[in-house]
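Protein chains in written order, with this note's numbering: chain V, 1 to 114; chain F, 1001 to 1153.
Idealized CB from N, CA, C, for every residue including glycine.
Shown next, in structure tokens, is the structure this report addresses.
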């Protein structure tokens, strides 16, 4: 299964529910395109819910980083929600865990954008 | 296996079992190689935690071979070899590309590189495997060897 992305609005925060694989090819490009589209529509408070991500490779990590810098450079915020153990481990190994604002509670994450 | 020619089935060389494939330089081959390595690692009795690490290391190595080595060239193949002995699970991946300077790769953990889009693949392979070697091939190409030690129970 490749990646499945769905967006919903919680107040002024855009939550992206990500499921499946964020790997080189379709998975990572779909995420990149969606984040660029959101920033283009001035949606700059973005919460990526990674709870159903089964697999992420270095390309997927690269897309998370690119998304983070794209949104940040436009004056927005991109935060992460519900990391699986594997994704958390990967972010820790690559020293990116402290770069991202990571949450495990959606309501708290949404409030943190205020 | 959906793609790629089987050049040698399973054979026995003493106590070594090896499965080999010549794969096209496509992203589908990346999935195929990962799947094959997973199946063989499971058969070898690799623990669940290590299965994911091997799969990811194979995936990263295949991406390097297909994308950076062979540059998706339809005339170039990737040679995959998966071997198992009583002590080790070994995956070799060889491309036909121009090679890279392994000794001078940027450190992805360096502060100035943390937010780079790419450059983490080999770092992750080394983190996930017990041993990792890179060898230049003649006349062209690069072969990487990924080793996971098997703990006897």
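Query                                                                                                                                       : Result
Between F:1150, F:1064 and F:1141, which has its C-alpha nearest residue 1124 (chain F)'s C-alpha?                                          : F:1064
For residue 1029 (chain F), which residues does DSSP report across the bridge?                                                              : DSSP output for residue 1029 (chain F) lists no bridge partner at all.
Under 9 Å between beta-carbons, which chain V residues line up against residue 1115 (chain F)? List them in chain order, please.            : 65, 66, 68, 69, 96 and 99
Closest to residue 1091 (chain F) by C-alpha separation, out of F:1033, F:1110, F:1113 and F:1043, would be which residue?                  : F:1033
Taking CB distances under 8 Å as the criterion, tell me whether residue 58 (chain V) reaches chain F.                                       : yes
Looking at residue 1040 (chain F) and residue 1082 (chain F), is the spacing between their C-beta atoms short of 8 Å?                       : yes
Assuming residue 113 (chain V) contacts residue 13 (chain V) (C-beta within less than 8 Å), just tell me the rounded distance between them. : 5 Å
Quick check on residue 1012 (chain F) - is its C-beta less than 8 Å from some C-beta in chain V?                                            : Unreliable positioning characterises residue 1012 (chain F) in this predicted model, as indicated by a pLDDT of 49, which lies under 50. The coordinate reading is nonetheless provided below. No, no contact with chain V.
Step through the CB atoms of chain F and report whether any lies within less than 8 Å of the CB of residue 35 (chain V).                    : no
As a quick exercise: from F:1071, F:1106, F:1126 and F:1030, pick the residue whose alpha carbon is nearest that of residue 93 (chain V).   : F:1126
Is the beta carbon of residue 53 (chain V) sitting closer than 8 Å to the one on residue 84 (chain V)?                                      : yes
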